[in-house]
Each structure stands twice: as C-alpha cells, then as structure tokens.
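Each position in the sequence shown, counted from 1, maps to that position plus 2 in my numbering. We put the beta carbon where it would ideally sit given N, CA and C, even for glycine. In this text, all values refer to a predicted model and were calculated from it rather than measured experimentally.
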Amino acid sequence: MANPWLRDRATLFYTGFGLAGIVVVGFGFGVTYAAPMVRGTFSAPWYIHLHGASAFAWVLSFIAQALLVRKQRTSIHRQIGQAALPLSLVVWTSGIATAVWAAKRDIVEIGTAATSALSGTATGLGLFVLLVAAAIAARRQADWHKRLVMLATIQLLWPAFFRLRHWFPAVPNPDIWFALVLAYSPILVAAGRDKLRYGAVHPVWLIVAPALVFEQVLEVMFFDRGIQRAFGQWLFTILVR
C-alpha cells in the first residue's frame, strides 16, 4: 500500500514556507544587521557574518531542495543533501561564537541576562542540529524526512521572528508573541494542512514539534533564573577562557 503522506511531493507547500522564511529573515535582520551594514554603522568579527551567511544558505537550500523534489530531480536532491549536516554544524559553531561575542559585549550593561541569552542560543542551535541529524537518519522515510527538515528550519528561524519586534515596538512581551507564538505558528499551519489533506496529523507535528515548543516555553518562563541562569554563566566561563 502506497504511503499517503508522499502525495504532497508535487505541491508548493514546502517551497512556500521557505520563501516566507526569506521574507521573515529580510525584515527581522534588516533592522539589526543589513541596514546597519549598509550605513557602515555595524562592525563585528568575521564569524558573525559567517553565521548569517550559513543560516541564510540553509533557508535557500531548503527552498532549492523542495523544488528539486517537486521536479523529481531526486539524484541532485540527494547530492545537495550531503552538505546538510556540515552546513548545520557551521551554523552551530558560528552561532555559538556569535552568542559568546554578544554576551561579552552586553554583560556589563545587562548582567546575567547576557549569559542567559548565550544559554538560550546554545540550546536552540543544539536542537537545530539534532533535528537535522534526525532528518538525515530518516531520509529513506520521505514523510518524516521532509517534516523534520521543515521543523529544523522553523527552529533556525526563530531569532528572525524575534527581531520582528523592532517593527512592532508597541506589542507587549515580545519574547512570547514573537519568539514563541509567531515563531512556532508554522507548526500549526503544517499540522492543519496534514489534517485537511490527509485526514490525520503526522507524528512529527504531534510528538516532536510539541516537545520543541515545550522547551521554548521553559526558556521563556525561566529565562535568567535558576538552572537556566547557572548554565549560561557556566557556559560563558568555559567559552571565554
């Protein structure tokens, strides 16, 4: 019996999500990165730019891979897919370096909130790499593979969603509305699509995604408090030696 979850290969859903991600990145980092770069008011170490470039490359590759599958160019899709884990590791390592740099810059002004932000970044990027690894492990199960890659991309995009707060400064609690509700809303869209299209929600959206959201809820609830603060301080001490 054919796998009913495979019927979406010809759709533009995943491509559309990737394009929406590009828009979010453009607006989110346009304020804090692109515009200051153009004005010449932003200066940072090379690994900051590497992190931005590698993360952007991930989103672009997500779009390209979705289009290749839609066009049934499976062999090229697989060849490009071999770069997924190395690219995710570049995103991870450069992201940690970026977070350490930001913590060193901000710690005098905001104290332990700076090291707690480092903790959140390390956790978030670690989960991104784990999701990428899980997607690679499930590459022969296309329904799991594509949804895990999308979930990894959702995880990668949350900083861009959070930076949308600069466009809407009147919105209260941006850590909730932008970094949590809006950033993870594509999960609800994908789950709803599964339900409407297939009559059921895939386990990635029923099991894996809620666990990811729960972790982010804990991050918001306990930011710069208790274990989260202690972990951030320990991580900062280790990484700045």
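Exposed unless 16 or more other CB atoms sit within 10 angstroms - verdict on residue i
{"i": "Ser187", "result": "exposed"}
{"i": "Leu190", "result": "exposed"}
{"i": "Ser45", "result": "exposed"}
{"i": "Met3", "result": "For Met3, the predicted structure reports a pLDDT of 43, less than 50, and the residue's modelled location is therefore unreliable. A value from the coordinates is still provided. Burial call: exposed."}
{"i": "Gly20", "result": "buried"}
{"i": "Gln230", "result": "buried"}
{"i": "Met152", "result": "buried"}
Cut-off 6 Å between Cβ atoms - residues of its own chain near residue i, not counting five sequence neighbours on either side
{"i": "Tyr254", "result": "Summary: the structure shown does not reach residue 254, with the chain confined to residues 3 through 243, and so no result is reported for it."}
{"i": "Phe238", "result": "Ala105, Thr117, Leu120"}
{"i": "Trp179", "result": "Val173"}
{"i": "Gln218", "result": "Leu182"}
{"i": "Glu221", "result": "Gly122"}
Beta carbon of residue i nearer than 7 Å to that of residue j
{"i": "His79", "j": "Leu91", "result": "no"}
{"i": "Trp60", "j": "Leu89", "result": "yes"}
{"i": "Ala192", "j": "Trp160", "result": "no"}
{"i": "Leu150", "j": "Val206", "result": "yes"}
{"i": "Ala140", "j": "His147", "result": "yes"}
{"i": "His168", "j": "Val33", "result": "yes"}
Sequence-distant residues of the same chain with beta carbon closer than 7 Å to residue i, five excluded per side
{"i": "Ala86", "result": "Val134, Ile138"}
{"i": "Gln235", "result": "Thr114, Thr117"}
Cβ separation of residue i and residue j, assumed to be a contact under 8 Å, to the nearest whole Å
{"i": "Trp94", "j": "Phe130", "result": "7 Å"}
Terminal residues of the alpha helix (DSSP H) in which residue i lies
{"i": "Lys197", "result": "187–200"}
{"i": "Met38", "result": "Note that residue 38 is Pro in the sequence shown here, rather than Met. That run of the alpha helix (DSSP H) goes 37–41."}
Spatial neighbours of residue i in its chain, beta-carbon cut-off 8 Å, leaving aside the 5 residues before and after
{"i": "Gly54", "result": "Phe31, Tyr35"}
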